[in-house]
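Numbering (my numbering), first residue to last: 877 to 1692. All remarks here apply to the structure that follows.
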């Protein structure tokens, strides 16, 4: 087989229409493939950056316009019996013509296409054109034909197999794309080719087993030979004349296993498959690196309800997860390097699982390869989110085809441990007033409970499937019942204070989150507001959540002193987000005997926006990232309310027992001890201990002037308990000494507290957008010191580094 990429020489033009601006109508511009209309117009200087200010609003016409991509390429016919035009991804409603003759049509962004093009090719110059019809027009026509379906947003995304969040979300812009978004090229071949290679990888009694399913496409009837090799094991199979399938089994004795990060090494083994014609002539080849590991989901009912517990290699894994959305509205801009950085940020926050959310895309091969490499588990949603979806044609066939393709594509990756049928749609049908407007029309149930489990069970029975997120395991139960299966907790953000997280002891929390704005440098890059204010025009446009700013203010009012200016508001909203999620995660982990995992909403953003993310749209870490790193640490020491008092809970997610002496002290804000106790910790591997504290420790003399401190030496990060909210605490004015010294690649800042400093945090991006700091949210008692290392392209002003608004703590606001 020979391959010819068709990525060069493309042009783009708009099909005439009244909505096309005068400066673009009739223009032909260079196009990048893979890419999309927005990025091509941006590169040509014809549109403003859609991520800046409110430019998004002026670009809505793009999604309602038809577009034509065109290129010419040279081709010399050979002896090949077939030449296929192969399109890995077209977005979305496309008609392809080769030398003026139609060769194919598409209407699904989430699958690839292959068209026989041999008869249309000519010697010498050939012209390929791809016309993209408006996804809006297609979706609205399908909606009108089939009848509307309720959804969370007033957009027609359920009626086109396209990335739903292109149509806007409560964290994303409405930028409806079109274009050749993945590779395109010619594949020339004869006799036969490998159409499907599907390895089912299991571990049985310590031995690795690969059951390899192979399908070929033929243009001849001669016998074929398939050979597979892995880790010294080889298997051959003959595909008789006229047949198209073979199954090969390879057994590897005692292979090194693939483990999630924190549980072992990520061993992978090259699996090579070759196809030969009679006489041994090579026809095609396929190779991947696979990992031997087993995965199962424990959902056997118990005294607490229905668990949702992931086991890898027969070891229970407490999921310390984060939800993943597309890292850019324009996928062609997401490089492997960018993904590697983002996934390393996840691992750096002690995350061990990413859930790929159902309103985006099936993630790329690079994403999965990096997850394999880093030991990050992946839960992949099928692509349905927050809406009722039609099950009529052409959608039923398109969904079945896309699902089968993606299950097969991702089967070799050991990081993929769970398929999920949808995001919130079963819950929506129960609770979001869908049933009356649906009036009996289809809404997706057949996909989630019949079609998709049948596809996963038939093509990849080595992995579990769960019908939805959330889902309780049975249609007889409410889908968001926290005592069964998975749950989403959104009343906290929408209506309640974040301390309400403590009212839940769920089996598995697949979504919960709290908002904050992006970093200051990201805001300054994206917004021209002068001055910046919580309600200035750009800030308001980049807040997509319903009543988002009101909810942010409600959270501040409940816990923190009133901000005096934008700098205070920015600092305190970011702090409040970090505290809300840290409280939730530590609470859920403290109940690990009932709760088997948490998946925070969300790790990342696709553009500069106020959202629930830990890493903002420019890739900068918010204070939440540092809070997650602590809350998701292998060893967690936390103070939790129990039975009217307080307890110290020690959680051990490591493979060795944790033994330490812990001290718990009630002390004044000036650092003077009022009561103290010593505890012996003996925490088993992958377990916890809970030790009740005597009343003298949790009954303060002066709640506004005291803290509780739990320490276990250097075996874990210490834990603090505040007896009063920061808005009510009698914090002293912040006083400290600070020194700055140069180090390789940056500067080291040492802060020594002369008073208590609550949640001391550095924001070096205010001085240099490229600057980063290694630590944040550090509370110091009088006399204690902390060291922060800042990396930057050039030395930063020491005086600015050690003063407001770069260096912040709670009591630089709370003091009179």
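Cβ atoms here follow ideal geometry from the backbone N, Cα and C, with glycine treated the same way.
Asked                                                                                                                                                                                                         : Found
Can you pull the DSSP bridge partners for residue 1664?                                                                                                                                                       : 1625
Which of the three DSSP states is assigned to residue 1691 in this structure?                                                                                                                                 : Residue confidence for residue 1691 is low, a pLDDT of 48 falling below 50, so the modelled location carries little weight; the figure read from the coordinates is stated next. Three-state DSSP puts residue 1691 in coil, outside helix and strand.
For residue 970, which residues in the same chain have their Cβ closer than 6 Å to its Cβ, ignoring the five residues on either side in sequence?                                                             : 982, 1006, 1008
Whose CA, out of 1327, 1549, 1576, 1529, lies closest to the CA of residue 1521?                                                                                                                              : 1576
Relative to the alpha-carbon of residue 1093, which residue among 1115, 1105, 1076, 1103 has its alpha-carbon at the smallest distance?                                                                       : 1115
What is the DSSP secondary structure of residue 1226, reduced to helix, strand or coil?                                                                                                                       : coil
Go through its chain and collect everything with a Cβ distance to residue 951's Cβ below 6 Å, but skip five positions before and after it.                                                                    : 997, 1002
Spatial neighbours of residue 1458 within its chain, please: C-beta separation below 6 Å, excluding the five flanking residues on both sides.                                                                 : 1503, 1507
Which value, in whole angstroms, describes the spacing of the CA atoms of residue 1310 and residue 1076?                                                                                                      : 39 Å
Measure the alpha-carbon distance for residue 1348 versus residue 1378 and round it to whole angstroms.                                                                                                       : 20 Å
Between 1135, 1234, 1071, which lies nearest to residue 1162 when the distance is taken from Cα to Cα?                                                                                                        : 1071
What is the rounded straight-line gap between the Cα of residue 1037 and the Cα of residue 1376?                                                                                                              : 38 Å
Measuring straight from C-alpha to C-alpha, what distance separates residue 918 and residue 1135?                                                                                                             : 43 Å
Where does residue 1391 sit, in a helix, a strand or coil, going by DSSP?                                                                                                                                     : coil
Taking 8 Å as the cut-off, does the stretch 1093 to 1111 touch the stretch 1144 to 1164 (at least 3 CB pairs, one atom from each stretch)?                                                                    : yes
Could you say if the stretch 1528 to 1543 and the stretch 1567 to 1584 meet the contact criterion of at least three C-beta pairs nearer than 8 Å?                                                             : yes
Assign residue 1209 to one of two classes, buried (16 or more other C-beta atoms within 10 Å of its C-beta) or exposed (fewer than that).                                                                     : exposed
Measure the beta-carbon distance from residue 1044 to residue 1031 and round it to whole angstroms, keeping in mind my assumption that it falls under 8 Å.                                                    : 6 Å
Does the beta-carbon distance from residue 1364 to residue 1392 come in below 9 Å?                                                                                                                            : no
Verify the contact flag: residue 1344, CB atom, against every heavy atom of the ligand MG, threshold strictly below 8 Å.                                                                                      : This structure simply doesn't include the ligand MG, nor any ligand for that matter.
According to the neighbour-count rule (16 or more other Cβ atoms, all chains shown, within 10 Å of its Cβ), is residue 1422 buried or exposed?                                                                : exposed
Tell me where the beta strand (DSSP E) around residue 1240 begins and ends.                                                                                                                                   : Unbroken run through residue 1240: none, as it is neither H nor E.
Do you know offhand how far residue 1692's Cα is from residue 1609's?                                                                                                                                         : Low per-residue confidence applies at residue 1692: pLDDT is 41, beneath 50, and the placement is therefore not dependable, though the value from the model is reported in the following sentence. If I take the Cα positions, the gap works out to 7 Å.
Between which two residues does the alpha helix (DSSP H) holding residue 1445 run?                                                                                                                            : 1442 to 1466
Buried or exposed for residue 958, going by 16 or more other Cβ atoms inside 10 Å?                                                                                                                            : buried
With a 10 Å radius around its C-beta and 16 neighbouring C-beta atoms as the bar for buried, classify residue 878 as buried or exposed.                                                                       : exposed
I'd like to confirm the pairing. Which residues does DSSP put opposite residue 1612 in its beta bridges?                                                                                                      : 1629
What runs of the beta strand (DSSP E), each 3 residues or longer, lie entirely inside the stretch 1155 to 1190?                                                                                               : 1158 to 1166, 1171 to 1174, 1185 to 1188
Among the residues of its own chain, which have a CB less than 7 Å from the CB of residue 1688, if the five just before and after it don't count?                                                             : 1610, 1680
Whether or not the stretch 1594 to 1603 and the stretch 1637 to 1651 are in contact is what I'm after, with contact meaning three or more pairs of Cβ atoms, one per stretch, closer than 8 Å; do they touch? : no
Just the Cα atoms here: how many angstroms apart are residue 1615 and residue 1174?                                                                                                                           : 53 Å
Using a Cβ-Cβ cutoff of less than 6 Å, which residues in the same chain neighbour residue 1342 once the five nearest sequence positions on both sides are dropped?                                            : 1296
Less than 9 Å between the C-beta atoms of residue 1403 and residue 1442, yes or no?                                                                                                                           : no
Give the DSSP bridge partners of residue 1362, in chain order.                                                                                                                                                : 1347
For residue 1668 and residue 1648, what's the separation of their Cα atoms in angstroms?                                                                                                                      : 7 Å
Shortest alpha-carbon distance to residue 1675 belongs to which of 1637, 1625, 1651, 1631?                                                                                                                    : 1625
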